[in-house]
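K.L.:
Protein chains in written order, with our numbering: chain A, 1019 to 1214; chain B, 61 to 351.
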């Protein structure tokens, strides 16, 4: 029988994580959180989350890194901004969710073949190559890497969209593609230089 | 006054009918637009989850291109509209972001000076043209057509100043000007799930189900949308979201398709045939011509 401690000690918390979250862009006001719960109440996805937005705000600012980054809530957030409109303390909750998503991707806190980070990576790769997104190719690339079997189930819909002229094999591209690459490289260089 | 039209990627794919009908409405209302020169992807919600800093630079290239052409931007896609607005705010508020963006734009010979305004077609139609002028141009009133106005999340939240963030009414007023009857629709700003249908399908379907069921319950003949992703989700997955005991079936159109129809544009020019759930039977039942 494996017995586990169910309560965390002060020393188990990660102060670096707590500091990081209150210094992310848009996250400065997390310390003002009243724990009123309007975010959870207005969130259309909170009923599927393991930690509701209210709890996630509290856990983050107190440095419960493991719990926060392995929470399903990060991936359920669709960035609909309902919480941000309701928050009486004007905390940028949606932007904090984005920050948590980035950190979870960086530190690989997600199950294998999980489609959301794959989608994000394929999306940014397509932007770098073409400057624009061609939806049909993006969907194809994501499913090939995560759930090939679901492509079969989608083929009926794909065909209908193709017939309606809403899906094409032709790739949308920016003309001056070199500009996009120069732009992205410049951001990477400045980030490195200023350690942002 | 001429505007820089920023279609975004979706309007060239699944949202083709949005672009076609929007351009038809621009023509009917004599709004002059020119496509933004060599525009790129705004980054949408997806790029934000990988690399926020880079996404601001990507969005800023479009802003700078519009400034160079001395035009304000019209962004019909909800994600584009939000991202461009957010980028403008964050460049204003955070010196680090401003520095990164300025340098990146400088590397490609562009400059951003915060002169451009990013606007949504709803805002332009309502505040630049006006309900009265639009009503005067209606040649085919949508008499008896009951519409559920669905705004989705990212148009009015969190930055739009042209409408209320909890109970927007701009689309309601435009559709009423076209002669349609707008039915009460409490879920008008509730999220459709975005790309959730692709990534976590069960949950995506739940969100879609509520939205369609509420519209049907309130007696709507069609749902009108302002966002390509909302339109896609509500139309393409409604059958799957329904059940044997509670089947779901309702045409989902862009508000510009309904406006275009009322303003006398042909079915072809507003992309009616691109719908997967046909609207023609509804129009015939209401005796609204659409040829």
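Just so it is clear, CB atoms sit at the ideal spot from N, CA and C, and this is done for glycine as well.
All values derive from a computational prediction rather than experimental measurement.
Can you pull out the residues from the stretch 106-131 of chain B whose beta carbon lies closer than 8 Å to at least one beta carbon of chain A?
P.N.:
106, 107, 108, 109, 110, 111, 112, 113, 114, 117, 118, 121
K.L.:
On the DSSP letters alone, give me the boundaries of the alpha helix (DSSP H) that residue 64 (chain B) sits inside.
P.N.:
Where residue 64 (chain B) is concerned, there is no enclosing alpha helix (DSSP H), although the beta strand (DSSP E) it sits in stretches over 62-65.
K.L.:
Given this structure, state the Cα-to-Cα distance separating residue 1054 (chain A) from residue 1186 (chain A), to the nearest angstrom.
P.N.:
48 Å
K.L.:
Given that residue 1149 (chain A) touches chain B, what residues does it touch there, using C-beta distances under 7 Å?
P.N.:
100, 101
K.L.:
Since residue 1089 (chain A) and residue 1065 (chain A) should fall inside the 8 Å C-beta cutoff, what is the C-beta to C-beta distance between them, to a whole number of angstroms?
P.N.:
Actually they are not in contact, since the Cβ atoms of residue 1089 (chain A) and residue 1065 (chain A) sit about 15 Å apart, beyond 8 Å.
K.L.:
Does the beta carbon of residue 1069 (chain A) sit closer than 7 Å to a beta carbon anywhere in chain B?
P.N.:
Answer no: the Cβ-Cβ gap between residue 1069 (chain A) and chain B never drops below 7 Å.
K.L.:
To the nearest whole angstrom, what separates the beta carbons of residue 343 (chain B) and residue 197 (chain B), a pair I think is in contact under 8 Å?
P.N.:
The pair is not a contact, with the Cβ atoms about 20 Å apart (cut-off 8 Å).
K.L.:
Can you tell me which residues form a DSSP beta bridge with residue 283 (chain B)?
P.N.:
B:208, B:312
K.L.:
Using the beta-carbon of each residue, which ones in chain B are nearer than 7 Å to residue 1134 (chain A)?
P.N.:
The contacting residues are 259.
K.L.:
How is residue 1150 (chain A) classed by DSSP in three states: helix, strand or coil?
P.N.:
coil
K.L.:
Reducing DSSP to helix, strand and coil, say where residue 179 (chain B) ends up.
P.N.:
strand
K.L.:
Taking beta-carbon pairs under 9 Å, can you tell me which members of the stretch 280-302 of chain B lie near chain A?
P.N.:
292, 296, 297
K.L.:
What would DSSP say about residue 132 (chain B), mapped onto helix, strand or coil?
P.N.:
In this structure, residue 132 (chain B) counts as strand in the three-state DSSP scheme.
K.L.:
Going by DSSP, name the residue or residues bridged to residue 242 (chain B).
P.N.:
B:207
K.L.:
Suppose you measure from the CA of residue 1137 (chain A) to the CA of residue 204 (chain B); what does that come to, to the nearest Å?
P.N.:
43 Å
K.L.:
When DSSP labels each residue in this structure, what does residue 93 (chain B) get in the three-state scheme?
P.N.:
strand
K.L.:
Look up residue 1110 (chain A) in the DSSP assignment and say whether it is helix, strand or coil.
P.N.:
coil
K.L.:
Just checking residue 340 (chain B) against the ligand GDP - is the residue's beta carbon closer than 6 Å to any of the ligand's heavy atoms?
P.N.:
Absent from the structure shown: the ligand GDP. Ligands present: none.
K.L.:
For residue 218 (chain B), name the three-state secondary structure that DSSP assigns.
P.N.:
coil
K.L.:
What three-state label does DSSP hand residue 1193 (chain A) in the structure shown?
P.N.:
coil
K.L.:
What distance in whole Å lies between the Cβ atoms of residue 283 (chain B) and residue 350 (chain B), which are believed to be in contact at a cut-off of 8 Å?
P.N.:
So it is not a contact: roughly 17 Å between Cβ atoms.
K.L.:
Extract the residue ranges of the alpha helix (DSSP H) inside the stretch 1035-1100 of chain A, only unbroken runs of 4 or more that lie entirely within it.
P.N.:
You should have 1056-1060, 1071-1079, 1083-1087, 1091-1094.
K.L.:
Buried or exposed for residue 1029 (chain A), please, with buried defined as at least 16 other CB atoms from any protein chain shown within 10 angstroms of its CB.
P.N.:
exposed
K.L.:
Kindly indicate if chain E contains any beta-carbon less than 7 Å away from that of residue 1102 (chain A).
P.N.:
In the structure shown, chain E cannot be found, because the protein chains are A and B.
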